[in-house]
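In the working numbering, the protein residues as written are 222 to 469.
Report on the structure given below.
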């Protein structure tokens, strides 16, 4: 059943309450009916006990910084939000999102830019208006999710470090215990080393618990240490050498 503002006025004239009208059209509470009417330019008047035309204040002139943010995303719809924010003087993409929201602009995935809040509300298609109670509940749950600015900043970081993440995922085999296992190409040599009795005991215990040889544990430990101290590229070439030979 399609709801129109004139239908609401007719039901009110017939003596029905807002709660009754809301239930007729599938709304769980009258506040959803109020939201529907607000999108159509009406608000509830306690004095008149009906909906009246909503008086909206004149829109403020777009600030210079707001315009610069919008122009930046117009030039780069898929640009890195963190980089754009820093170039415009913001500490982070989250701070930029807060600034834009304070000036009446929200991010639109459709436009790939910040748009006025009235426009983001109008993007709801008429076919989904009957489901607006469920949408409102869903939106309330989403309010506690990760802020858009933070999400964009994290996505930007993932894109920036994509190659490194791919290497980590491709060349580290995770076992049931999440202990990294590596296949080292080349010949083996004998290395004798002296370690403390307690460390040797821990090594043996870990070997049994993880079902790994002591050699695998020591190799993984050495690789992780070298990777964290400047040998990441060298290890990448070493670990991918055998794979390249097999494919050639």
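Backbone N, C-alpha and C define an ideal beta-carbon position, used for all residues, glycine too.
Small disclaimer: the values here were computed from a predicted structure and weren't measured.
Distance between residue j and residue i (C-alpha atoms, nearest Å)
{"i": "residue 350", "j": "residue 235", "result": "With a pLDDT of 41 at residue 350, under the threshold of 50, the modelled position of that residue is not reliable, and no figure is offered here."}
{"i": "residue 232", "j": "residue 266", "result": "16 Å"}
{"i": "residue 274", "j": "residue 328", "result": "28 Å"}
{"i": "residue 453", "j": "residue 382", "result": "14 Å"}
{"i": "residue 395", "j": "residue 226", "result": "Low per-residue confidence applies at residue 395: pLDDT is 48, beneath 50, and the placement is therefore not dependable, though the value from the model is reported in the following sentence. Each residue's alpha carbon lies about 59 Å from the other."}
{"i": "residue 285", "j": "residue 298", "result": "19 Å"}
{"i": "residue 163", "j": "residue 310", "result": "Because the chain spans 222 through 469 in this model, residue 163 falls outside it and cannot be assessed."}
{"i": "residue 457", "j": "residue 410", "result": "21 Å"}
{"i": "residue 384", "j": "residue 455", "result": "15 Å"}
{"i": "residue 245", "j": "residue 270", "result": "19 Å"}
{"i": "residue 421", "j": "residue 412", "result": "15 Å"}
{"i": "residue 241", "j": "residue 268", "result": "20 Å"}
{"i": "residue 319", "j": "residue 248", "result": "32 Å"}
{"i": "residue 387", "j": "residue 376", "result": "15 Å"}
{"i": "residue 419", "j": "residue 425", "result": "10 Å"}
{"i": "residue 330", "j": "residue 258", "result": "25 Å"}
{"i": "residue 416", "j": "residue 442", "result": "14 Å"}
{"i": "residue 272", "j": "residue 295", "result": "39 Å"}
{"i": "residue 237", "j": "residue 256", "result": "18 Å"}
{"i": "residue 325", "j": "residue 423", "result": "60 Å"}
{"i": "residue 323", "j": "residue 432", "result": "56 Å"}
Residues of its chain near residue i, where Cβ-Cβ distance is below 6 Å and the 5 sequence neighbours each way are ignored
{"i": "residue 314", "result": "302, 303, 306, 370, 373, 374"}
{"i": "residue 243", "result": "251, 254"}
{"i": "residue 264", "result": "275"}
Classification of residue i by the beta-carbon crowding that lies within 10 angstroms, buried from 16 upward
{"i": "residue 224", "result": "buried"}
{"i": "residue 239", "result": "buried"}
{"i": "residue 444", "result": "buried"}
{"i": "residue 446", "result": "exposed"}
{"i": "residue 380", "result": "exposed"}
{"i": "residue 378", "result": "exposed"}
{"i": "residue 229", "result": "buried"}
{"i": "residue 449", "result": "exposed"}
Closest residue to residue i among the options (Cα-Cα distance)
{"i": "residue 430", "options": "420, 400, 228", "result": "400"}
{"i": "residue 402", "options": "380, 439, 454", "result": "439"}
{"i": "residue 488", "options": "412, 333, 244", "result": "No answer is possible for residue 488: it lies beyond the span of the chain, which begins at 222 and ends at 469."}
{"i": "residue 408", "options": "459, 287, 247", "result": "459"}
{"i": "residue 260", "options": "316, 309, 338", "result": "338"}
{"i": "residue 389", "options": "434, 414, 461, 326", "result": "461"}
{"i": "residue 436", "options": "414, 326, 331", "result": "414"}
Contacting residues, own chain, Cβ-Cβ under 8 Å from residue i (five flanking each side not counted)
{"i": "residue 355", "result": "Per-residue confidence for residue 355 stands at a pLDDT of 37, beneath the threshold of 50, marking its modelled position as unreliable; the derived number appears in the next sentence. There are no such residues."}
{"i": "residue 293", "result": "300, 305, 308, 309"}
{"i": "residue 317", "result": "290, 302, 305, 306, 309, 311, 370"}
Same chain, Cβ closer than 7 Å to residue i, five either side skipped, listed in chain order
{"i": "residue 405", "result": "440"}
{"i": "residue 427", "result": "438"}
{"i": "residue 321", "result": "287, 290, 335"}
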